[in-house]
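> Questions regarding the structure given below will be posed in turn.
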């Protein structure tokens, strides 16, 4: 896989109102990168945790000491 598959998923969440709504509904249960990977797989997107750039997954201010 590659970062491109993850990027396609991000673009789809912005372009597809139904996918965006599903992501919002599921958001409380998406506690890990693996949870996000599983959610995406359930909607036809295939990528791994390694495809998600960690700088994107890290909250602002986290590790910026």
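Residue numbers (our numbering): 3 to 67. The C-beta atom is built at its ideal place from N, Cα and C for all residues, glycine as well.
1. May I have the straight-line CA-CA distance separating residue 43 from residue 49, to the nearest angstrom?
2. Can you have a look at residue 9 and say buried or exposed, based on whether 16 or more other CB atoms are within 10 angstroms of its CB?
3. Please go through the same chain and pick out, in chain order, the residues whose beta-carbon is closer than 6 Å to the beta-carbon of residue 38, but skip the five residues on each side of it.
4. Smallest Cα separation from residue 56: which of 21, 47, 35?
5. In this structure, how does DSSP classify residue 12 when only helix, strand and coil are distinguished?
This is what the structure holds:
1. Here the alpha carbon of residue 43 sits roughly 8 Å from the alpha carbon of residue 49.
2. Exposed, by the Cβ-count rule.
3. 32, listed in sequence order.
4. Checking every option, the nearest Cα to that of residue 56 belongs to 35.
5. Taken through DSSP and simplified to helix, strand or coil, residue 12 comes out as helix.
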